[in-house]
Amino acid sequence: MGSLTGLLFAGGLGFMLLAVASGLDFGAPPMLIGTEIQAHAPQQTGAANIVTSVVLGYRAIDTLGELSILFASAVSAGLVLGRRHTTAGTQTKGGFILQSGGSLLFPLMMTIGFYIIFHGHLTPGGGFQGGVILAAAFFLPLLARPGARLHHKSLSLIEGFAGASFILIGLFAMLEGKAFLQPMLIQDTLGQLVSAGTLPLLYLAVGLKVGAELASLLSRLIQTEAPQ
Amino acid sequence: MMLTLLDELLLFSGATLLVALFIGRGLAAGWMVTILYGGQLLALLKMAVLGYEGGTIASSLTLEVMGQALSWRFDALSWFFALITIGSALLSSWFSCGAWERSYIRQGGNIWLFHTAMALNVFTMLILLASGDLLSLFIGWELVSWAGFLLMALAGGVAARAAMRYITYAMAGGMAIFGGLALIYTASGSLQLEAVTTAVEQMSGAKLWLLVILFGGGFGVKMGLMPFHLWQAPAYAETPGPGSAFLGAISSRMGLFAILLVLVKLFGIVKIESLKVPFTLIDARDLLAWIAVFTIILPTFTAMKQNDARHLLAWHGIGQGGYMLLGVVVADAMGGAGGLLHVFNHATYQAALFMAVTAVIYRTGTSDLNKLGGLVVRMPLSFVVLLIGIIGLAGLPPMNGFVSKWLVYRSLLNQGMPLLFLAAVIGTLGTILSVYKLIHNIFLGQLRVEHEHVSEAPWSMMIPMLILSAIIFITGLMPGIPLEWIASVLQTVGLPVPDYTLGGVESSSGSLDMIWVIGVLFAGFGVGALVFYSAGRSKRVHQLDNYAGGHFLSADVRYQYSDNFYAGLMHLIGGWYRGSFLWLERGITSLVEFLSLGMQGLYRRANAEFYLLTTALFVIAWVVI
Amino acid sequence: MISAVTPELILHITAIGLIAIGLAGVVLSSHLFRMVLALVIAEAGANLMLVLAGYRWDAVAPILTSRAEPAAMVDPVPQALVLTAIVIGVGIQALAVSILIRIRQRYATLDRKEAAERMDAEIAATLGAPRDISQEAPLGERPLPPLPADQINMRGDSP
Amino acid sequence: MSTNLVLIIALPLLGAFLLPVLMRSSMAIALWSGPAILIYGCWIIADLWLSGFAQPLSVAIGGFAPPLGINLYVDSLALLFAFAVQLLGLVFWPFTLDQESARRQSLMLLLVAASTGLALSGDLFNLYVFYELAAVATFGLASASGSGAAYVATLRYLILSGIGSVLTLFGIALIYSQTGTLNLAHLAQLAPEQLHNSLGLTAFLAILIGIGVKAELFPVNTWVPEIYATASTRLSAFLAGLLSKLALLIILRLLLLIFHQPEAAQVILILGILGVISGELAAWRAREMKRMLAFSSIGQLGMIFIAMALPDGKGMLAVLALSLHHLIIKSGLFMLAEDWGGALERLRGSAKASPLGAVLFVLFSLSLVGMPPLPGFWAKFVLITELAAQVEPLYLLGLAVFLLATVVEASYLFRVAATLYGSPAQDTLSEEIPKTKGLSLLTASLFGAGVIAVALLIAPVGDGLQAIAAQALDVDLYITTVSPAVSGGSQ
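Residue numbers (my numbering), protein chains in the order written: chain F, 1 to 228; chain U, 229 to 853; chain X, 854 to 1012; chain S, 1013 to 1503.
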């Protein structure tokens, strides 16, 4: 009875929302700020990837907030899980192929991760995507050797300093008399690797932070495997 | 800044509070506070021009908060009520000093809290009486409510529970007034007193009804009007003795003050009369009158059943409030004067009665009417005080209660309201019967063995009681003294003024001259005494040197029947007022409890996501469709 | 305007359908982990809805290249927003999962009702108060007490 | 210096990122850096206020003029709440010295930063981000007590809040699809043409229900009694006192600036009335201090929602007054509950052992009930005069419910007061009676002193609040201050 009601209500809400959404002019968005940003982004941020301009320029504080959320959830997970470590050493290791595959892939994934981070202002991708790949790179060996442990101390160092450097770059702009998180050092080299001023630096911070954050989250989860 | 006379009074009263608060633990604190009450009385008497000639004296303190101007001032109405307030506080406080205070401390009472609470009550009442606009009226009202709560609750135990009950009623009343205030503010955009009149002019019938119900109900709670009367008797009775005297004398009259100010002065009786109860022949004014009459009858007969002297008196206090409202609602010259005079008279005899009972408790340790008796030989002066008090309460000559009740009856007859008159007379009958129970069970009949060595109440308690008795008699003899103040009050609230003389009132339909009445009465007494002393010779014997039903008496035989007093009458009428609206209170309590249980279930058994889904669905459906 | 199944309709159906499925899942599942999974699905729906907001017919990704200017680019803002929203979602999910692990360790159950029961019992035990729902009146007495008959003496009967 | 304002968001974040690292090297620096940041935040705001802050200003982050970039909108209202955030963050600072303290303090700083952002931000999506940040930090802090009950309560809260976020995000997506902008001022300009239709209303309601989770809106507030009973008292105080008000502030801003349709107000009114009824009645039977406060806070927030639903922003002053009043009172009461938590029966006779605590409890209760001349009375007075001025019967129903709820409120609060002053049960030893003491009593006394101070200075405080409310109501001022200008429209 209750479940049927729930189902019907969910369906009803879905249809209602659909009816509302069908009033939208799909495929021809008003793009009030979108058009403006497209027009001004190259001059104001120097990044070829306009999404990057938005993420690190126009809406940089959103990005800061989102980093903080990741950080908050990592810290909270630390609070929740960190009380008693149940070592997972008893688990069996992966086979030879898994282990050596993990070791082999590690440098490759690191490279790809950093490549994506560094080209975030030019091509699709960026700090988040690259950071996730970095985290995956660290995660692979953990899967292969469940007994192994990540170095939490250095991870938290990276976490802290990467996040801090994002803010410090923003504050540095204030020292220069500009606004907080205002892009600086914009050269007229649109489309090249060294362009877009401080944006790649921000993305590097984001990438490191995301990587460290996710890696520490995942390793915590794996280390606190629930007992029977 | 020049201090006005009102400022002086309020400062004096505030100073009393501070003295009680900070040095109330000291030895002579009670005396000091009493002297300060005397000072307040003097400060009030400096404003006597209000009582005799009318006019207003404003306080120099004004405030403006959130666009609302607050002001305070005194007029004849305030002055009259303030006189009773301070007078009863002075005498109650005097009564509490010395012997009573020591015994209270011995029994573990906190005398500091008691004095502070009394002083706080007086202070807040003066603030209420001084209110110069509706907002300050409401502020004063709430302050008085909470101050009263403090005084009622401080004894703890049963008293605290009674006080809890009181504060729930008082909050409900306060919120009704708050709602009424909001309605007036909406209609006229202001909370000055004149705003009420303008608001009333504009309002439609339904809104006006609502307003009358809100204000009448709100103020009525404090007066103990039916059906909001249940809280009052236990709350007043369980307060420490002098506190009972003070509360019983004046506290619930604050409700009458507010009714006089808002409903009579600002609304106008005419306006109230114009509100018809749908489908019947009566109007709002008749409704009020009938509520008043039922407030007279039911609590009075409930009082008759009480076995605790304090509770008995407290129930009567509720009933007597009905006479005051009845007089005021009839609103002709005699009725208005009678109602207001009864405020004064009631304060005097109620205080005296509570004090006498407290004196008995002080000596015997009980106020249980079934455990007392025969004290007249041990405490003759207290007996006299109680006798004078109950004559006043019953409304018999030569005491002051007679005058005010006579005026009310006269006005009922003059205005052609025989049914109301009849009902009021039934109430008086009940009063007479029950006060006889009071004096009989305490003072008459058999002296109990354990009370053999009881002595008269100490002078610190006796003097205030005697002063009150004197006032009761003198204002009974010369009602013109208070009537002079009441004339200004009536003028202030816009009611007609009777022709009064020192001995009573004069009117075409019937005059009363108490000096003459009492003269005749005393002549009669004299004749009686002459007959008594000349005809028979009485002989004083020990109470056991006697016989009943053919048997000689011994100490273990009870020949005073105080249990199941008025058994026949109770059997006859007991059925139809049993419970007396208790069912209403219980019903509301149970309803709230039931709803509360449901709400907790709502939160505890929550499938929160389901709530969210449902709400989202319904609100969106509501706006989309 | 909806005469046939148009592409935009399908996309909207998908997005809102995901939200509805997620909502239904959260409401209906009796297992806490499934509730978290349903939440993930609902979030995916909301993200899809967000990214659809910037879609334009016949437009390219908002990246400037050396080639000639394209006719139109899609709105970059929703893409940035959805990036943020996804990461937020990931953070919350990770936290939820770690809490789930702890609940499993403490209560050895992830059943929604059972966990709620256990929680209530534990709250009642730590606070030292009976559960709110119990039939006893608070503070052991009715809050607005008609005083016991002997104290209030309403009936006036002799004790 | 208005540009410094961004520091009150940035510095706590910086501190939060670095605290765990710092804790490893120097305990002392780490311990004091958090409070130092908060004190600096207070100072920045106080400095701005004292240097003649009169006109609201808009701070563009990253130097991008709105509506392209994100801006902070700083008016007196936002500044007031931002100040309250810093101050309460300081008051409720988790001064503990254990293994977890770095994490806890770091989360607290994140919560403070997020709350400040909620108060100041002028961008819809940015508000959402800060809202989520506050939520995640709250989850972390709520589960930090480490009991199984806390975990379950947190997870239930998390899922409810997550669903709410989905709805909010959906609403934002709708708004963006319709208008193509996210800046509040810009939206306020566009709203009359584009959002005053069923689509706009749906978006608003979705956001309302989503954010209502934090604002304790009925019926998405079922987490309240669970979380408040399991989380630390200080966190409960922060959540009940401040965070709920910030969520409310967002809803208020949206309502005033963008969605001033009568239907939106009506939904809020109905939910508010239900909230008052359910909260106050449930509190009436509560058998435990923290739960009682939790339910009572639901009721109080329902009252604020009723005030918010008044048309044309008439309830602005009432919302402000009630919010600030509730903020002070509930914080104080929760501080008392820190020692007086647990069954109410245990409190019998506590007044003897802790007279100050009992007096404070009575003071807070009186103010909450609305006894003149305490500040609670004025807050309620402002509300009921506005409510009575409405002709629609629903508002009058709200008025009646409000008045009746006050009676219920008085009844249960004073039952507790009577318990405090009653005599202890015979078989309890005096050591068993809980006593208020230490830091929590001190904090509660501070709040008590605040209540008395406001009561004495009610006239200037009232004037100040009226000025703040008038400024917050001025939609044109908001738009001209931010002055979002876009040259081109849709192509």
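All C-beta atoms, glycine included, are put in the ideal place defined by N, C-alpha and C. Quick caveat, the model's predicted, so the values are computed rather than measured.
Kindly indicate the opening and closing residues of the beta strand (DSSP E) around residue i.
i, result
"U/E292", "I285 to V293"
"U/E734", "G732 to E734"
"U/Q296", "Q296 to F302"
"S/L1069", "L1069 to A1072"
"X/D964", "Unbroken run through X/D964: none, as it is neither H nor E."
Name the two residues that bound the continuous alpha helix (DSSP H) containing residue i.
i, result
"S/D1475", "I1470 to L1485"
"U/D511", "Taken as a continuous stretch (DSSP letters only), U/D511 belongs to no alpha helix (DSSP H), as it is neither H nor E."
"U/Y551", "A537 to V558"
"S/V1331", "M1328 to W1352"
"U/Y839", "A836 to V852"
"F/V55", "Careful: F/V55 lies outside any alpha helix (DSSP H) and carries neither H nor E."
"U/Y413", "V386 to S416"
Using the C-alpha atoms, what's the distance from residue j back to residue i?
i, j, result
"X/P991", "U/A317", "Legend: pLDDT at X/P991 = 48, less than 50; position of this residue unreliable, no value from coordinates given."
"S/L1060", "U/F447", "50 Å"
"X/Q988", "U/G337", "Unreliable placement is indicated for X/Q988, whose pLDDT of 48 sits below 50; no coordinate value is reported for it."
"F/A88", "S/G1046", "Low local confidence applies: a pLDDT of 49 at F/A88 is under 50, so the model's placement there is unreliable, with the coordinate-based value given in what follows. Their Cα atoms are separated by approximately 35 Å."
"U/L255", "S/A1430", "29 Å"
"U/W307", "U/I285", "10 Å"
"X/P996", "S/Y1424", "Here the model assigns X/P996 a pLDDT of 45, short of 50, so the residue's position is not dependable and the matter cannot be decided."
"U/L723", "U/T523", "23 Å"
"S/V1463", "S/L1348", "15 Å"
"F/I169", "U/L291", "54 Å"
"S/P1024", "S/L1123", "9 Å"
"S/I1480", "S/F1459", "22 Å"
"U/Y831", "S/P1231", "9 Å"
"S/T1397", "U/T352", "25 Å"
"X/I866", "F/L18", "7 Å"
"F/L155", "S/L1207", "47 Å"
"F/A212", "U/T842", "41 Å"
"X/E861", "S/D1351", "59 Å"
"S/A1028", "U/A423", "58 Å"
Are the beta-carbon atoms belonging to residue i and residue j less than 8 Å from one another?
i, j, result
"U/I699", "U/L568", "no"
"U/L672", "U/V604", "yes"
"S/G1074", "F/Y58", "yes"
"U/A345", "U/L382", "yes"
"U/Q460", "U/A542", "yes"
"S/L992", "U/A836", "The structure shown does not extend to residue 992 of chain S, since chain S is modelled only from 1013 through 1503, so no value can be given for it."
"F/V51", "X/Q932", "yes"
"S/A1400", "U/T426", "no"
"S/A1509", "S/P1323", "The structure shown has nothing for residue 1509 of chain S, since chain S only spans 1013 to 1503."
Assuming residue i contacts residue j under a Cβ cut-off of 8 Å, what Cβ separation, rounded to an integer in Å, is found between them?
i, j, result
"U/L245", "U/S287", "Actually they are not in contact, since the Cβ atoms of U/L245 and U/S287 sit about 17 Å apart, beyond 8 Å."
"S/L1339", "S/K1449", "With a Cβ gap of about 24 Å, S/L1339 and S/K1449 do not count as contacting."
"F/H121", "F/A196", "4 Å"
*Below 9 Å between beta carbons is the criterion; list the residues of the region 1150-1168 of chain S that meet it against any residue of chain X, in chain order.*
Result list: F1151, G1152, S1155, G1158, S1159, G1160, A1161, A1162, Y1163, V1164, A1165, T1166, L1167 and R1168.
*Listed in chain order, which residues of the region 9-42 of chain F have Cβ atoms closer than 9 Å to some Cβ of chain U?*
F9, A10, G12, L13, M16, L17, A19 and V20
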